[in-house]
Every structure is written in structure tokens, then in C-alpha cells.
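Single-structure report; data block below.
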Amino acid sequence: MELEQRHKLAVDPEYIHQQELSAEFFFLFIIGIQILIYVLYKKYPERFKEVTFVLLWLYPLVLLHRDQHPVTLGFIAVWILWSLRTGFLMHLALAKPLAPTTPELVYGWFLKTHSICYYSAGATVYIFFLVPGLGILMLFFALYFGVLGRDCAEICATRISNTIGYTKYETAPENICALCNIELRQTLELMLGETTEDEQPNVIQLQCKHEFHEKCIRGWTIVGKKDICPFCFEKVDMRILIPDSPWNSKRLSLLWVKLLGLIRFLLVWNPLVTYSAMILLKLFHFAPLRDQSGKPVF
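Oh and the sequence shown: position 286 is 286 in the UniProt record's numbering, straight run, nothing missing.
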């Protein structure tokens with residue numbers, strides 16, 4: 001009986017017309033909602049970023065509500081552990097006064113997150129051919145934590161820069177990293193012979209001749225979305241000065257950035273746009289969209 005009912009609906013001209021009309025208005029609603037989102041983004045960019053950031057961070061709870069599959073539970077477990085560590089570091093970055101070791105801890109954590117996600121995404125190319133399901137899962141993990149980590153790093157980098165104040169020196173401080181206010185080289189211990197050059201922290205000199213700890217400047221540029229010197233604000237090509245960074249491969253890095261930007265929209269706004277369009281269909285009393293089995297898709 002159910003198959004006969006589906007067959008009757010499939011050949012019913014009125015039913016086909018209703019489905020076509022609903023589909024047309026569904027896409028019109030989607031276009032209209034996307035235009036509205038774009039207008040809001042242009043008018044309230046900072047608020048838009050804040051809302052997107054919060055929704056992105058809470059996205060795993062939506063997955064948990066829809067599905068309690070073991071893979072979903074595993075993703076939630078990783079998300080909880082990562083959120084606890086990241087939340088603690090963000091608390092340190094937002095605290096006043098700022099602890100001297102906080103910048104290095106913050107930049108180091110987000111740099112590790114970025115590197116793990118970047119190389120994990122690259123590994124999925126090989127794993128996909130062996131275990132397709134695992135490859136797709138790894139890619140999702142890498143994209144999600146990659147974009148969330150960059151957003152968190154940008155917030156921390158901006159707050160740390162405002163707290164330390166990079167323009168408080170009339171001239172560049174000697175032997176001081178302007179990102180963490182810690183000595184670049186432990187000169188006293190080195191003079192006394194208590195440390196060796198190998199034990200000194202790595203130092204990077206930018207094209208503007210300002211020097212920073214390698215971990216600090218890499219965290220500032222790679223995961224903090226900053227392409228300027230934090231002291232003089234001169235634009236610098238970090239891919240040339242930090243050859244062992246993930247940005248060394250230009251094409252892959254640019255593709256990675258685009259993927260991170262795309263995943264933000266797909267995870268946050270695309271579902272909201274789709275569900276909003278479905279709700280509008282119901283409000284305007286259009287026939288519900290149905291799949292091939294005849295069941296409503298919403």
C-alpha cells in the first residue's frame with residue numbers, strides 16, 4: 001500500500017506542481033536569508049564574528065543532540081578536553097595583570113593545534129584511499145579544530161597585544177621580546193657559562209630588524225592571523241622568514257585557509273539558513289518538501 005501511495009504521488013500533477021513551487025520558494029528564501037546575513041555582517045562585523053565564534057564552539061552539542069553514535073561521543077570527548085585546555089589559556093590571556101609566561105604558553109598551544117590539524121588534514125589524502133571513513137573523520141576533526149583554534153588565537157593575540165602594549169617603547173627594546181616581555185637571550189647565564197647556545201631559545205629577526213622568540217612570533221603570525229610586525233606594524237612576509245612553518249608550501253597553505261573559512265560557514269550558518277528556509281515554507285503554508293521515499297525532509 002505504501003509503495004502504491006508513493007507511485008500515485010509521483011505521477012500526480014498537482015503534487016508535482018506543489019513540490020516544484022515549494023522547491024522554488026525554498027531556494028528564494030535561502031538566497032534572501034544569505035543576503036540578510038551578508039548585510040548584517042557588513043553592518044555589525046564584530047558582533048557577527050562573536051556570534052559565529054560562539055555558535056561554532058557549541059556546534060558539537062548540536063551533533064550530540066541529533067546523534068549519540070560512538071564516533072560522535074568520541075568527538076565530544078576530544079572537544080571537551082580541548083575546550084578545557086583552551087578555556088584555561090584564554091582565561092590567562094584575558095587576565096590582568098598578564099603573567100610573563102602566558103604569551104609563550106598561549107602561542108605555543110595554538111601553534112601546536114594548528115600544526116596538528118594542518119598535517120592531519122594532509123594525511124587524510126593517503127588514509128582516505130585505505131580507510132575512507134577514517135579519512136573523512138580526520139578531515140572533519142582537522143577542519144573544525146583548525147578554524148576554532150585560529151579564532152581563539154586571534155582573540156588571545158589581540159588581548160595580549162592590548163595588555164602588553166607594543167608601542168610603549170620609543171625605540172625597540174634590546175634583548176626583549178615585545179610579544180612576551182621576556183629576554184630573547186639569557187645573557188647573564190650565557191656569560192657565566194651556565195648555559196650553552198643550544199639551550200638558548202630560538203630567535204627570529206623580521207625584515208624590519210625587530211627580533212622575537214620563534215614560538216611567540218610564529219603563534220602571532222600563523223595562528224593569530226597577524227601579518228605585521230607586532231612592534232612597528234610593518235607588513236612582513238612570514239612565509240619567507242619562517243621556512244619550516246606550515247605556510248612554507250604556499251598553494252597548500254592558501255587552500256587550507258580557504259577550507260577553514262568555508263568550514264566556518266558550513267558548520268554555523270549553512271544549517272541555520274536551511275532550517276530558516278524550511279520554517280518560512282511552513283509559515284507561508286507551502287507543501288512540505290519530501291524525499292524520494294515520500295517522507296518530509298523537515
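Yeah, the Cβ is synthetic: ideal placement off N, Cα and C, and Gly gets one too.
CB of residue i within 8 angstroms of CB of residue j, strictly
{"i": "PHE231", "j": "ALA178", "result": "yes"}
{"i": "GLN34", "j": "VAL273", "result": "yes"}
{"i": "PHE26", "j": "LEU281", "result": "yes"}
{"i": "PHE128", "j": "GLY135", "result": "yes"}
{"i": "residue 304", "j": "PRO103", "result": "A query on residue 304 cannot be resolved here, the shown segment of the chain reaching from 1 to 298 and no further."}
{"i": "CYS156", "j": "ALA93", "result": "yes"}
{"i": "LEU73", "j": "PHE286", "result": "no"}
{"i": "ARG85", "j": "LEU260", "result": "no"}
{"i": "PHE48", "j": "LEU40", "result": "yes"}
{"i": "ILE37", "j": "TRP269", "result": "yes"}
{"i": "ALA121", "j": "LEU139", "result": "yes"}
{"i": "VAL71", "j": "LEU137", "result": "yes"}
Given residue i as reference, the closest of the options once Cα atoms are compared
{"i": "THR101", "options": "HIS213, VAL125, ILE228 and ARG264", "result": "HIS213"}
{"i": "VAL51", "options": "LEU267, TRP109, PHE233 and ILE176", "result": "LEU267"}
{"i": "ARG264", "options": "VAL54, VAL39, ALA23 and SER22", "result": "VAL54"}
{"i": "ASN175", "options": "GLN207, LEU137 and GLU211", "result": "GLU211"}
{"i": "ILE277", "options": "ALA23, ILE30, GLU24 and PRO132", "result": "Sequence check: residue 277 is Ala here, not Ile. ALA277 has its Cα closest to that of ILE30, out of ALA23, ILE30, GLU24 and PRO132."}
{"i": "LEU206", "options": "TYR275, LYS235 and CYS180", "result": "LYS235"}
{"i": "LEU89", "options": "TRP109, LYS42 and GLY122", "result": "TRP109"}
{"i": "PRO271", "options": "PRO45, GLU46, ARG66 and GLU24", "result": "ARG66"}
Which of helix, strand or coil DSSP assigns to residue i
{"i": "GLU183", "result": "strand"}
{"i": "LYS96", "result": "coil"}
{"i": "GLU104", "result": "helix"}
{"i": "HIS285", "result": "coil"}
{"i": "LEU134", "result": "helix"}
{"i": "PHE231", "result": "coil"}
{"i": "HIS69", "result": "coil"}
{"i": "HIS210", "result": "coil"}
{"i": "MET278", "result": "helix"}
{"i": "SER245", "result": "At SER245, the pLDDT of 45 sits below 50, so the modelled position is not reliable; the number obtained from the coordinates is stated separately. Residue state, collapsed to three classes: coil."}
{"i": "CYS152", "result": "helix"}
Test: residue i CB closer than 8 angstroms to a CB of chain C
{"i": "ASN162", "result": "Of the protein chains in the structure, only one exists, and it is not chain C."}
With contact counted as at least three CB pairs below 8 angstroms, one residue from each stretch, are the stretch 139-146 and the stretch 111-125 in contact? They touch, by the three-pair rule.
Flag this pair as touching only if the stretch 156-163 and the stretch 51-69 have three or more C-beta atom pairs under 8 angstroms; answer yes or no. Output reads no: the stretch 51-69 does not touch the stretch 156-163.
Inside the stretch 18-59 only - alpha helix (DSSP H) runs reaching at least 4 residues: Counting whole runs of 4 or more residues, the stretch 18-59 contains the alpha helix (DSSP H) stretches 45-57.
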